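Undergrad: My questions will all concern the structure given below.
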Amino acid sequence: MESQLIVSNILPAAFLLPILAAIVVVPMTRLSEHARAIGLTVMCLGTVVVAASFIPGILDGRIYEIYLLRLTPQIWIHMRVDPMGALFGITASVLWLLALVYSFGYMADEHHKSRYYAFFMLSLAWTMGVAYSGNLLTFLVFYELFSILTYPLVTHEETPEAMAAGTKYIIYILIGSSFVLLAIVFTYFLAGDQTLATQGLLSMDMGKANLIVIFVCFLIGFGVKAAIFPLHGWVPDAHPAAPAPFSTVLSGIMVAIGTFGIMRVAFNVFGLELLGQLDVMCYVQYLAAFTIIFAAILAVNQDNLKRRLAYSTISQMGYVMLGIALLGQEAFVGALVHVTNHAFMKGTLFLCVGLLIKQAGVHNVSELRGIAKKMPITMAAFSVAALSMIGTPPLSGFVSKWYLGLGILEVEQPLYLAVLLGGALLAAIYLLPIVYAAYFQEPEPAAGDDSVSATTREAPLSMLVPVVAAAALTVILGLFASTPGLPLSLARLAAKIAFH
């Protein structure tokens, strides 16, 4: 079925609504905090509605686009929604909505709330722009805005640790962005175009050496954001420093933007045939496999909850990179659907950790003994997401890893099954002890640094609802994975376009 291009005038609303929220709604705190919360929720919900409105048409073979601004006769700001972008857009907008609602309770007693909400909504705007970019320049504009303007969120706490983490973050990100810019300029120089084409822009007659340079620049540039070894150094520091609601989208979406960029490069800039001729993806496979195991081993050794989950994120992005690098249809389905599934699994975990910090003052695994008796809903949600991360059926993590396993067999690389299983085993080793300590260990009788406070209680409903919703999505995306309109159907459609 040939795709039908449709001009969509509502497409810009996906990023304009969050911008409007940052400019107009955030200052409403002068009137009422409650009014601001309602306004921000409405704007964020509107973004979700816009993102969801594209899905029925996408499933029917439509692709939505609009040309917004002509910079030169050949260069436009071009927005385009295809199956890959539609899936990333709906994932980002829904997770952002959950994190926003959670923020109203979590940030209630925090400082600089207006600054936090302004940059939080602007980050959503730039993310939607990345998801719906129709060419490399548009991608670059939104990618750079997102990368730089998330710095105030990483450093929001303004502690020495947060400022150090922010400095490391911005250095890594600016270096990575420079490589992306270089790759895009070189691509335009060789191809005379920068449209994200279905079968790629480049060809072997442009010179193998030139093409490898472009590929390496893209891989380094997006690999920094994707936290692929050895470009992962900013992630373990940024997660503990950032407020928990932003850690949720930082891990679930921001890091995934790097893998999304590599997907675009692999399938819309180079194309399958050219990548096969260049024979470069085998090296990406090695990097991805090493990242899965190495980061998971580091996660096992972390006592700080956020750092443990940060290393887990690095490991999980390795799964996505491996699925891309195998250049198999089923593996690509697994990689793309894992971006969504991981967003809600890891989002649930970070939201739960935020409640543990806020309600019990718990930051470390060693302090969790008996916490489930005080915070049963929080730990139930954490347990569901942890089991899903391990790949327990019928939860969503099992679905994406099942397709990755099928993809490994499809391309006849069975050794990577050991990596897949090894990563799952290590995930069990760094997640299940948290669950065990919370449910099966008794707190120390005397109050102290390692015991659960007698005043600890479950979080208010305003923070519990997003946590339960994220955990419920982890279950729904596993039990009803084959339902049309859910991530698996969009991932299959994106793979069909890329491979045929």
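The numbers in our numbering rise by one with no breaks, and the one at position 184 of the sequence shown is 184. Cβ coordinates follow ideal geometry from the N, Cα and C atoms, glycine included. Quantities reported herein were computed from a predicted structural model and do not represent experimental measurements.
Output the residue ranges of the beta strand (DSSP E) runs that lie fully inside the segment 218-288 and measure 3 residues or longer, sorted by chain position.
TA: If we require 3 residues or more, the segment 218-288 turns out to have no beta strand (DSSP E) run fully inside it.
Undergrad: For the putative contact between Leu415 and Tyr319, defined by C-beta atoms under 8 Å, what is the C-beta separation to the nearest angstrom?
TA: Position 415 of the sequence shown, counted from the first residue, corresponds to residue 415. Position 319 of the sequence shown, counted from the first residue, corresponds to residue 319. Rounded, the Cβ-Cβ distance is 15 Å, inconsistent with contact.
Undergrad: Grouping DSSP H, G and I as helix and E and B as strand, with all else coil, what is Met79?
TA: Taking the first residue of the sequence shown as 1, we reach residue 79 at position 79. Looking at Met79 - three-state DSSP - the assignment turns out to be strand.
Undergrad: Of the choices Leu305, Lys168, Tyr151 and Thr91, whose alpha-carbon is the least far from that of His363?
TA: Taking the sequence shown and counting its residues from 1, the one referred to as residue 363 is at position 363. Checking every option, the nearest Cα to that of His363 belongs to Leu305.
Undergrad: Use the C-beta contact count for Ala469: other C-beta atoms within 10 angstroms, 16 or more gives buried, fewer gives exposed.
TA: Counted from its first residue, the sequence shown places residue 469 at position 469. Buried, since its Cβ has 16 or more Cβ neighbours within 10 Å.
Undergrad: Going by DSSP, name the residue or residues bridged to Ile66.
TA: Mapped onto the sequence shown, residue 66 falls at position 66. In the DSSP output, where bridge partners are listed per residue, Ile66 has Met79.
Undergrad: Within the continuous alpha helix (DSSP H) that includes Val339, where are the two ends?
TA: Reading the sequence shown from its first residue, position 339 is the one you call residue 339. Gln329 to Ala360 is the span of the alpha helix (DSSP H), which, as asked, contains Val339.
Undergrad: Could you compute how far the alpha carbon of Glu65 sits from the alpha carbon of Leu298?
TA: In the sequence shown, the residue the question calls residue 65 occupies position 65. In the sequence shown, the residue the question calls residue 298 occupies position 298. About 43 Å.
Undergrad: Can you list, in chain order, the residues of its chain with a C-beta nearer than 6 Å to that of Ser312? Leave out the 5 residues immediately preceding and following it.
TA: Taking the sequence shown and counting its residues from 1, the one referred to as residue 312 is at position 312. Result list for Ser312: Ala299, in chain order.
Undergrad: DSSP has Ile502 in a bridge; who is on the other side?
TA: Here the chain has residues from 1 to 500 only, and residue 502 is not among them.
Undergrad: Using 8 Å as the cut-off, can you tell me whether the segment 75-94 makes contact with the segment 124-140, which would need three or more C-beta pairs spanning the two stretches below that distance?
TA: yes
Undergrad: Do Gly176 and Ser203 have their CB atoms nearer than 9 Å?
TA: For this step, residue 176 is matched to residue 176 along the sequence shown. For this step, residue 203 is matched to residue 203 along the sequence shown. Going by C-beta atoms, Gly176 is not nearer than 9 Å to Ser203.
Undergrad: Which of the three DSSP states, helix, strand or coil, is assigned to Leu421?
TA: Position 421 of the sequence shown holds residue 421. In the structure shown, Leu421 sits in a helix (DSSP, three-state: H, G or I).
Undergrad: Quick one, which of Leu5, Leu421 and Met28 has its alpha-carbon nearest Ser315's?
TA: Within the sequence shown, the letter at position 315 stands for residue 315. The residue with the shortest Cα to Cα distance from Ser315 is Leu421.
Undergrad: Does the distance from the CB of Thr238 to the CB of Gly166 come in under 9 Å?
TA: Numbered from its first residue, the sequence shown carries residue 238 at position 238. Numbered from its first residue, the sequence shown carries residue 166 at position 166. One point to set straight first is that residue 238 is Ala, not Thr, in the sequence displayed. Cβ distance < 9 Å, so Ala238 and Gly166 count as in contact.
Undergrad: Since Glu458 is in the alpha helix (DSSP H), which residue starts that stretch and which ends it?
TA: Walking along the sequence shown from the start, residue 458 turns up at place 458. It is not in any alpha helix (DSSP H) - Glu458 carries neither H nor E in the DSSP assignment.
Undergrad: Rounded to whole angstroms, what is the Cα-Cα separation between Val419 and Cys282?
TA: Mapped onto the sequence shown, residue 419 falls at position 419. Mapped onto the sequence shown, residue 282 falls at position 282. Each residue's Cα considered, the two are about 15 Å apart.
Undergrad: Given Ala428, which residues of its chain have a CB within under 6 Å of its CB, disregarding the five upstream and five downstream residues?
TA: Counting from one through the sequence shown, the residue named residue 428 turns up at place 428. Within the same chain, Ile390 come within 6 Å of Ala428 by CB-CB distance, once the 5 residues on both sides are set aside.
Undergrad: Tell me the DSSP secondary structure of Leu368 in three-state form.
TA: Translated into the one-based positions of the sequence shown, residue 368 becomes position 368. Here Leu368 sits in coil by DSSP.
Undergrad: Using CA coordinates, which residue listed in Leu431, Ala13 and Leu68 is at the minimum distance from Gly89?
TA: For this step, residue 89 is matched to residue 89 along the sequence shown. Comparing Cα positions, the closest option is Ala13.
Undergrad: Just to confirm, are Glu442 and Ala331 a CB contact at a threshold of 9 Å?
TA: Along the sequence shown, one-based indexing puts residue 442 at 442. Along the sequence shown, one-based indexing puts residue 331 at 331. Going by C-beta atoms, Glu442 is not nearer than 9 Å to Ala331.
Undergrad: What does DSSP give as the partner residues of Asn135 in its beta bridges?
TA: Taking the first residue of the sequence shown as 1, we reach residue 135 at position 135. Asn135 is bridged to Thr195.
Undergrad: May I have the straight-line CA-CA distance separating Asp60 from Ala335, to the nearest angstrom?
TA: To locate residue 60, count along the sequence shown from 1; it is residue 60. To locate residue 335, count along the sequence shown from 1; it is residue 335. Spanning the two alpha carbons is a distance of roughly 23 Å.
Undergrad: For Lys358 and chain D, any beta-carbon pair shorter than 9 Å?
TA: You won't find chain D in this structure, because it holds only one protein chain.
Undergrad: What distance in whole Å lies between the Cβ atoms of Leu196 and Val284, which are believed to be in contact at a cut-off of 8 Å?
TA: For the purposes of this step, residue 284 is taken as residue 284 along the sequence shown, with counting starting at 1. For the purposes of this step, residue 196 is taken as residue 196 along the sequence shown, with counting starting at 1. Contact doesn't hold; Cβ gap of about 20 Å is too wide.
Undergrad: Distance, Cα to Cα, Leu368 vs Leu275?
TA: Residue numbering aside, residue 368 sits at position 368 when the sequence shown is read from its first letter. Residue numbering aside, residue 275 sits at position 275 when the sequence shown is read from its first letter. Cα to Cα, the separation comes out at about 48 Å.
Undergrad: Run through DSSP, which three-state label would Leu190 get?
TA: Counted from its first residue, the sequence shown places residue 190 at position 190. Three-state result, Leu190: helix.
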